[in-house]
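Numbering (our numbering), first residue to last: 699 to 1291.
Now the structure itself:
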């Protein structure tokens, strides 16, 4: 091993630790890694920045615009009506329809966007039909993941591996090249989720909400003790407020700033800030308790809101939100969303140590908001937060709907018949949608998830550094030396297993960018076609079901579904093993060596 290879391995190892820690966002780590490769001279500036001009980043950016234009037509809102009819039949029928619908949509539209679109409607359907959100949201996410591997356009990971193959002088993937095997995975996964998965999936009933929003569980809320509280200086266990079983005090912050652990005999003093865990049902109790004020309302009195017009809403921090790793105070949330108060936070990592305004937000966190129907629209329009409450369906502009769908069909058809390369046809489609009024230029810029674009450009540098220094050849040779005597099928099976294990604990795109060059090197060492190995990486990188952080959609449903980490292991591990077996047997059939 040369010094250069060792340096590349060291930089990648540090990047993987940061990916796992989630201290910094994935795109920040990816760009930082790219910069280090250039600073140490492993890649020159042109090589390091090549990811920004790669066909993968261009295609992904264009597809973000096309997907958003389709959503804005309102046609996909009609799916909630269709799903409602299935819910009346049976839970199994709803799960089946939900997985097929999300899978087919995700084959052509970004899977994260599909889950964001359907999740509020699915939660509302569950509430109306007495079905716990946990019974429906995991099938929704898993169906979207399975659908994403059915076409090249289904997920950025497919496009990324295709771009790496093209960069290495190999043919890029065809738009439907993955479809046959992808459909096998979708059917097998759907059958699993309707049978075994349904039995393993937990059922955690949602509690009755405060208003017409959907109760997602308990929140950390802060209340201030004022001078008219009639039980000042009394032990907390004797106060009427804290005798309620679903209202639990965790910590008291004295007026002096001292933090006090709560014991039964801990007294409540004037000026205390009490940090407590409760559900929406107790908000009314808190508001009516004399001398107790929800701190968010005390810190920022909103005179324009009245008890008659304000409501309680819940919003999930999206996986690519600009709020991630920042606090409400740092992003100046009050000015960003006027007349919207954050009353509480449900943090997916567990107990929060900081005050609510200083909490560093993570993907999947749920904010409990107080707002009017009018002021909540700023949240609904935001890409940072997903409002999980019932929405009014958009009115359909039928000519615009058919025009937008027609453009998408042309993009797919032109690419499928090889008339134009996919990056060009996708970009032309995005421009056509802007020119024909399906989406405005300003909306198009907002539609592009720049975090994903920068992340793709950054992670491509990892693969480029491995390839340039010979690191991928070294790893590929070690894999072949270990498993090569058993034949390429066993090596492919081992590569698939390694990929899905890695992608369950770090970014799927980073895993694909790291292992795709190694897959090409393995094929070269064994003197066989690289396509089967590249497909193993592509499929496995998107089929991550074992952890909530394995894929963005898994993170999105974590808190709204009231899931635990163990739920993903229990439901997802057998599914990943099933797909591992299917992939080991079928990839060589669909993509011969």
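Ideal placement from N, C-alpha and C gives every residue a C-beta, glycine not left out.
Contact check, residue i vs residue j, beta carbons under 8 Å
i, j, result
"residue 859", "residue 1154", "no"
"residue 1084", "residue 814", "yes"
"residue 1216", "residue 1282", "no"
"residue 1167", "residue 737", "no"
"residue 1015", "residue 1022", "yes"
"residue 748", "residue 1162", "yes"
"residue 967", "residue 931", "yes"
"residue 796", "residue 844", "no"
"residue 1236", "residue 810", "no"
For residue i, the nearest candidate out of the options (CA to CA)
i, options, result
"residue 1139", "763, 1068, 955 and 1281", "763"
"residue 918", "930, 901 and 945", "945"
"residue 734", "702, 1280 and 760", "702"
"residue 1143", "718, 740 and 766", "766"
"residue 1019", "722, 699, 712 and 711", "722"
"residue 1225", "1189, 1235, 1197 and 1204", "1189"
"residue 818", "760, 801, 839 and 715", "839"
"residue 923", "878, 730 and 987", "987"
"residue 1204", "1180, 1235 and 1247", "1247"
"residue 969", "1112, 920, 901 and 1033", "920"
"residue 804", "851, 794 and 1275", "851"
"residue 989", "950, 1070, 948 and 926", "926"
"residue 1127", "882, 1112 and 746", "1112"
"residue 713", "959, 1208 and 960", "1208"
"residue 895", "1277, 882, 1268 and 802", "1268"
"residue 727", "937, 1114, 952 and 1159", "1159"
"residue 1245", "1206, 1149 and 1071", "1206"
"residue 933", "941, 953 and 965", "965"
"residue 1273", "795, 856 and 893", "893"
"residue 710", "1156, 899 and 1145", "1156"
"residue 1044", "1033, 1066, 1289 and 1035", "1066"
Residue i, buried or exposed, once every other Cβ within 10 Å from all chains shown has been counted against 16
i, result
"residue 908", "Unreliable placement is indicated for residue 908, whose pLDDT of 33 sits below 50; no coordinate value is reported for it."
"residue 935", "exposed"
"residue 1079", "exposed"
"residue 1100", "exposed"
"residue 897", "exposed"
"residue 718", "exposed"
"residue 888", "buried"
"residue 912", "Annotation note: pLDDT 46 at residue 912 (below 50); position unreliable, no value reported."
"residue 1261", "buried"
"residue 1313", "Lying outside 699 to 1291, the shown extent of the chain, residue 1313 is not represented and no answer is given."
"residue 1027", "exposed"
"residue 1286", "buried"
"residue 725", "buried"
"residue 878", "exposed"
"residue 700", "exposed"
"residue 875", "buried"
"residue 1135", "exposed"
"residue 991", "buried"
"residue 1249", "buried"
"residue 789", "buried"
"residue 939", "buried"
"residue 792", "buried"
"residue 743", "exposed"
Count Cβ pairs between the region 808 to 826 and the region 1169 to 1188 that sit closer than 8 Å; are there 3 or more? Fewer than three beta-carbon pairs drawn from the region 808 to 826 and the region 1169 to 1188 are found closer than 8 Å, and the two stretches are therefore not classed as touching.
Would the region 1234 to 1250 and the region 746 to 765 be scored as touching if the rule is three or more Cβ pairs under 8 Å? Judged by Cβ distances under 8 Å, the region 1234 to 1250 makes no contact with the region 746 to 765, as fewer than three pairs qualify.
Quick one: complete beta strand (DSSP E) runs, 3+ long, within the region 925 to 993? Within the region 925 to 993, the complete beta strand (DSSP E) segments at least 3 residues long are 946 to 951, 957 to 959, 971 to 976 and 990 to 992, listed from N- to C-terminus.
Report yes or no: do three or more beta-carbon pairs, one from the region 1032 to 1041 and one from the region 1098 to 1112, lie closer than 8 Å? Contact between the region 1032 to 1041 and the region 1098 to 1112 is absent, because fewer than three Cβ pairs lie under 8 Å.
Count the C-beta pairs between the region 1050 to 1070 and the region 1248 to 1261 that are closer than 8 Å, then say yes if the count reaches three, no if not. They touch, by the three-pair rule.
Any chance the region 1187 to 1196 sits against the region 1207 to 1223, with 3 or more Cβ pairs inside 8 Å? Under the Cβ criterion (8 Å, minimum of three pairs), the region 1187 to 1196 counts as touching the region 1207 to 1223.
For the region 868 to 876 against the region 826 to 833, are there 3 or more C-beta pairs whose distance is under 8 Å? The answer is no - the region 826 to 833 does not touch the region 868 to 876, with fewer than three Cβ pairs under 8 Å.
Enumerated in chain order, which unbroken segments of the alpha helix (DSSP H) with a length of 4 residues or greater are wholly contained in the region 779 to 864? Segments of the alpha helix (DSSP H) lying fully in the region 779 to 864: 789 to 804, 809 to 826 and 831 to 846.
Which ranges would you report for the alpha helix (DSSP H) in the region 1133 to 1204 if only whole runs of at least 4 residues count? Listed in chain order, the complete alpha helix (DSSP H) runs (minimum 4 residues) inside the region 1133 to 1204 are 1139 to 1145, 1148 to 1167, 1169 to 1181 and 1186 to 1201.
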